[in-house]
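Chains as they are written, first to last, in the numbering used here: chain A, 1 to 262; chain B, 1 to 262. Note that the Cβ used here is the ideal one computed from N, Cα and C, for glycine as well.
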DNA sequence: GCAAATTTGTTGATATTTGTCAATAAGCAG
DNA sequence: CTGCTTATTGACAAATATCAACAAATTTGC
């Protein structure tokens with residue numbers, strides 16, 4: 001049995017049962033636990049599954065049962081919140097900004113609570129409600145088809161509206177990033193909207209947590225040159241730092257700046 | 001059972017009951033209380049639940065039933081729910097319907113949970129999320145400016161979209177009703193949207209709780225003739241019943257004992 | 001408001017799981 | 001066959017999970 005075949009059958013197994021455990025698989029396939037771990041890690045790298053301590057489960061994106069109401073606010077919340085904190089410093093009272101429906105943008109929005117008179121365009125429902133709560137803001141929610149998790153809006157109906165609005169600063173996330181393709185997105189509809197947004201905005205700020213580096217998804221949404229500045233977290237590898245510098249993409253690594261109290 | 005599985009089942013449990021207590025869970029899962037605490041804390045860190053002294057509850061963000069943002073469901077909720085129940089009987093699987101952002105329409109939406117393959121157009125955010133949760137539905141949320149209470153969308157951006165959609169049945173509420181002016185609305189932007197909706201819909205169903213009769217507000221949105229059918233509650237006076245009959249407006253009084261197939 | 005009861009976070013011990021590393025085996029192009 | 005890359009394995013150190021015991025913090029009962 002080749003490596004490829006083994007990994008294929010692992011995925012087949014995983015589709016039939018909720019999770020796999022390293023020792024069991026090693027035993028049933030007659031390979032060492034180390035090999036199973038290698039397989040799991042390789043498959044995770046390619047986005048086919050998600051590792052958990054002791055085994056592996058289907059990755060959240062291909063697991064429909066996991067898509068509960070607005071639940072995407074979990075993974076790497078620490079890092080995303082830091083990115084949000086730092087990016088928020090670019091927004092001043094009265095700015096016209098655009099946020100996509102990503103969870104990173106949500107954390108950014110959380111850090112905009114103190115701002116006033118913002119003019120916000122977004123397709124993220126939670127983001128819209130959060131910022132509309134401050135009555136000095138004007139929040140435009142781009143219309144469209146509601147996603148199953150009730151968190152975002154997409155669709156052709158929305159896009160023409162973006163053309164009619166003057167947006168100073170666009171904050172967009174993505175599902176993948178590479179130096180060659182820039183920002184890439186796995187969801188086609190999201191991608192269309194983001195591309196439109198990036199075109200019409202004066203400045204484009206990319207919110208890219210370190211997990212996204214190296215993944216390259218189907219649809220490119222912004223070439224490296226279109227990115228005004230990129231924000232990421234401190235888990236970024238030195239290798240990627242070098243690559244970003246070489247590609248001449250300005251970036252900021254968002255660290256815990258304040259000393260922990262006590 | 002792996003850590004992941006255990007935490008997964010904790011979340012499953014939590015969705016079925018309002019809260020979990022540490023000692024009970026420890027006993028029923030056969031782990032120590034310290035482990036349960038670890039689980040709760042980890043799940044809280046990821047935003048899946050909220051810790052309370054002695055246990056855990058579903059976090060506000062993943063709790064669909066929470067209505068932190070001022071939904072004005074309080075007043076006359078009994079009556080509005082009845083109207084919603086009865087009006088829901090007009091909706092069949094696969095229908096194309098329009099709902100406004102009123103609380104009565106929200107109660108109608110609550111009674112549409114069992115329907116499938118609906119095509120829904122609305123400017124009510126809660127309504128959109130509620131119905132989008134059923135993946136067989138297609139829910140279009142009309143874009144626009146988010147109201148301060150985060151419940152509805154209005155604005156010129158939205159209206160052209162309605163023209164492009166074929167809507168069979170429109171369910172609209174209002175803030176006032178008189179035989180002379182028909183439905184009237186106090187909010188100008190809401191009114192514009194509703195007028196547009198009424199124009200383009202095959203059938204128009206007015207959801208008018210009895211308090212609305214006799215109030216006549218600034219902007220007329222539908223003449224009596226445009227109303228296919230009117231739903232109200234049993235608090236309507238005999239005087240108004242007569243007036244409606246005289247004006248030749250078909251109407252239904254929604255009472256408790258209405259069709260209740262057990 | 002105080003004391004008892006409960007719950008919590010912490011600590012150290014133990015068991016599992018994980019990543020690393022070097023050695024070996026297997027696959028493959030020339 | 002030879003040299004090269006990749007895959008696999010066992011050994012071991014680091015990380016993680018669990019547990020029990022205990023002190024600190026919180027809630028409850030009076």
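Three-pair Cβ contact test at 8 Å for the region 170-187 of chain A versus the region 175-191 of chain B: Contact between the region 170-187 of chain A and the region 175-191 of chain B is absent, with fewer than three C-beta pairs closer than 8 Å.
Whether residue 141 of chain A touches residue 30 of chain B by CB criterion (8 Å): Contact: no.
Residue 47 of chain A vs residue 19 of chain A beta-carbon contact at 8 Å: Contact: no.
Residue 165 of chain B versus residue 45 of chain B: straight-line alpha-carbon distance, rounded: Their Cα atoms are separated by approximately 43 Å.
Residue 112 of chain B beta carbon less than 8 Å from that of residue 91 of chain B: Yes, they are a contact pair.
Rounded C-alpha distance that separates residue 269 of chain B from residue 152 of chain A: A query on residue 269 of chain B cannot be resolved here, the shown segment of chain B reaching from 1 to 262 and no further.
Cβ contact check for the region 118-126 of chain A and the region 213-224 of chain A: 3 or more pairs under 8 Å: Under the Cβ criterion (8 Å, minimum of three pairs), the region 118-126 of chain A does not count as touching the region 213-224 of chain A.
Beta-carbon gap between residue 162 of chain A and residue 197 of chain A smaller than 8 Å: With a cutoff of 8 Å on beta-carbon distance, residue 162 of chain A and residue 197 of chain A are scored as near each other.
Residues that residue 232 of chain B contacts on chain A, provided the C-beta gap is smaller than 7 Å: Ordered by position in chain A, no residue passes the 7 Å Cβ test against residue 232 of chain B, which lies about 30 Å from the chain.
Three-state class that DSSP yields for residue 145 of chain B in the structure shown: Correct three-state label for residue 145 of chain B: strand.
8 Å Cβ cutoff, residue 2 of chain B in contact with chain A: Interface residue, yes.
Host alpha helix (DSSP H) of residue 195 of chain A (start-end): Boundaries of the alpha helix (DSSP H) around residue 195 of chain A: 188-200.
Interface residues of the region 2-18 of chain B facing chain A [CB-CB below 7 Å]: Answer in chain order: 2, 3, 4, 5.
Residue 25 of chain B vs residue 98 of chain B beta-carbon contact at 8 Å: Contact: no.
Endpoints, alpha helix (DSSP H) assigned at residue 16 of chain B: Counting along the chain, the alpha helix (DSSP H) containing residue 16 of chain B begins and ends at 3-16.
Residue range of the unbroken beta strand (DSSP E) whose run includes residue 251 of chain B: 251-254 is the span of the beta strand (DSSP E), which, as asked, contains residue 251 of chain B.
Min CB distance residue 153 of chain A to chain B below 8 Å: Taking 8 Å as the threshold, the shortest C-beta distance from residue 153 of chain A to chain B falls below it.
CB contact check: residue 99 of chain A to chain B, cutoff 8 Å: For residue 99 of chain A, the answer is no, since every Cβ of chain B falls outside 8 Å of its Cβ.
Endpoints, the alpha helix (DSSP H) within which residue 40 of chain B is located: Note, residue 40 of chain B: alpha helix (DSSP H), 33-45.
CB contact below 8 Å: residue 147 of chain B versus chain A: For residue 147 of chain B, at least one C-beta of chain A is nearer than 8 Å to its own C-beta.
Residue range of the alpha helix (DSSP H) that includes residue 233 of chain B: Under the DSSP assignment, residue 233 of chain B falls outside any alpha helix (DSSP H), being part of the beta strand (DSSP E) whose first and last residues are 229-233.
Residue nearest to residue 274 of chain A in terms of C-alpha spacing, selected from A:154, A:174, A:254: It is not possible to answer for residue 274 of chain A, since the shown part of chain A is limited to 1 through 262.
Close-in-space but distant-in-sequence residues of the same chain around residue 67 of chain A (CB under 7 Å, 5 per side omitted): With a pLDDT of 38 at residue 67 of chain A, under the threshold of 50, the modelled position of this residue cannot be trusted; read the value that follows with caution. Correct list, in chain order: 148, 149.
Own chain, CB closer than 7 Å to residue 80 of chain B, minus 5 neighbours either side, in chain order: If we look at residue 80 of chain B and ignore the five residues flanking it on each side, its Cβ neighbours are 103, 104, 107, 209.
Contact set between residue 187 of chain B and chain A, taken where Cβ atoms lie within less than 7 Å: Within chain A, no residue comes near residue 187 of chain B; the closest Cβ sits about 15 Å away, beyond 7 Å.
Chain-ordered chain B contacts of residue 277 of chain A [CB-CB under 8 Å]: It is not possible to answer for residue 277 of chain A, since the shown part of chain A is limited to 1 through 262.
Residue 135 of chain A in three-state terms, based on DSSP: Residue state, collapsed to three classes: coil.
Integer Cβ distance of residue 218 of chain B from residue 186 of chain B, believed to fall under 8 Å: With a Cβ gap of about 6 Å, residue 218 of chain B and residue 186 of chain B count as contacting.
Nearest to residue 207 of chain A (by Cα), restricted to the options A:195, A:201, A:233, A:189: Per the Cα distances, A:233.
Residues near residue 131 of chain A by beta carbon distance below 7 Å, same chain, minus five either side: Excluding positions up to five away in sequence, the list reads 109, 112, 118, 120, 137, 139.
The beta strand (DSSP E) enclosing residue 169 of chain A, as first and last residue numbers: It spans 167-172 - the beta strand (DSSP E) in which residue 169 of chain A sits, taken as one unbroken run.
Neighbouring residues, chain A, relative to residue 124 of chain B (Cβ below 8 Å): Within chain A, no C-beta atom comes nearer than 8 Å to that of residue 124 of chain B; the closest sits roughly 11 Å away.
N- and C-terminal bounds of the beta strand (DSSP E) containing residue 23 of chain B: First-last for residue 23 of chain B: 22-29, but that is the alpha helix (DSSP H), not the beta strand (DSSP E).
Pairwise C-alpha distance: residue 252 of chain B and residue 193 of chain A: When rounded, the distance between both Cα atoms is 44 Å.
Rounded straight-line distance, which links the Cα of residue 245 of chain A to that of residue 15 of chain B: Roughly 47 Å separates the two Cα atoms.
Range covered by the alpha helix (DSSP H) that runs through residue 109 of chain A: Segment 103-110, the alpha helix (DSSP H) holding residue 109 of chain A.
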